[in-house]
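Once you know that position 15 of the sequence shown is 15 in our numbering, the rest is easy, because the numbers rise by one and skip nothing.
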Amino acid sequence: MLDIRRLHMLKTVAARGSITAAAQSLALTAGAVSQQLATLRHDVGVDLLRPDGRTVALTEAGQVLLEHADRIFAAVEEAECAIAAAKGTVGATATLAALPSTVARIVAPALTALGTHHPQLTVTCLVTDQAQLRELTLGTVDVVLGQRYHHLPDTAPRGIDISPLLDDPLLVVTAADQAGEGPIALRDLATHSLAVPPPATDCGQAILRACHQAGFTPTTRYITADIAAQLTLARAGLATALVPRTAIDPATPGIRTAPIADHSIQRLLFAATRHTEAANPTTAAVIAALLAAARQDLTTDHPPV
């Protein structure tokens, strides 16, 4: 009989690209993973992995086995969710992956509310700029607070459910003594020195696309994905920044924010979970808290515009 733990190791190796990387994510030694995969290979009687340059890849038989394994994993999770739904109680642990720009105004209020309403639930929060939907499919996280800029297609992997939280527009951020009143046309930034994320990022691409639609190529004097650095440069009068609204503390001194009057740039913040037929009370509670925090944020005082 196939061992589900070995099947999960195979899936992790295929996703990570190497036994060493898989072992690190599983908190095991590379030797232990290799030994378990060797046993799995013996059980099925055919090679499941092959060298692929400096990485490894699934053989045809490995791909076939993994397709069946995915259905096994889904069935196991369905069973777990059905039992949890029958119990009707929120569990003891959950793992949330979130973007740094969402921590102050979405994640922290949500975790505070969860601590009040579900004190038995311990949420481990992984804060990272890296996309975590793959981690969701691997089972290393339970909920992902992610983003998708509106110019990009929806590329959620199969088997992932997306719950929209809110549309989050980028605001124009300048030093408090440099801004005028009211919204700012994006084309008026053609003469500004901008602090923007790298062009390879989704946000950087969205800004470049909007500027091109407005008829100019932006002057990017400062390139950084660190929003705190962008705000510091804006506060010092060295640059104009374009920053998501929820990433700005309303109490931040020395800056002024304004909406974009034309060519709006927006990201959708969403919560993602693995698809199950039966609702999981634990992940449902986390998503409900995130949604409540997002809705509350829309009603709070924002930076002056």
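For each residue, glycine too, the CB sits at the ideal point set by N, CA and C.
These numbers come from a predicted model, not from an experiment.
Membership of D202 in the alpha helix (DSSP H) is indicated by the continuous run D202 to Q213. With a cut-off of 8 Å on Cβ pairs, the segment 241-248 is in contact with the segment 188-197, counting three or more such pairs. A229 and L40 have their C-alpha atoms roughly 49 Å apart.
Collapsing the DSSP output to three states places F270 in a strand.
For R158, there is no enclosing alpha helix (DSSP H), as DSSP marks it with neither H nor E. Around the beta carbon of M9, 16 or more other beta carbons sit within 10 angstroms, so the residue counts as buried. The alpha-carbon of L2 is positioned some 12 Å away from that of L66. Contact between A15 and L145 is ruled out by a C-beta separation of about 21 Å, above the 8 Å threshold. Secondary structure note for T116: its alpha helix (DSSP H) is the uninterrupted segment A108 to H117. Check the Cα spacing between I287 and each of V107, T299, R158 and Q178: the tightest is with V107. Residue state for Q35 is assigned as helix, using DSSP reduced to three classes.
Under the Cβ criterion (8 Å, minimum of three pairs), the segment 98-114 does not count as touching the segment 206-224. Contact annotation: P183 and I260 have beta-carbon atoms nearer than 8 Å.
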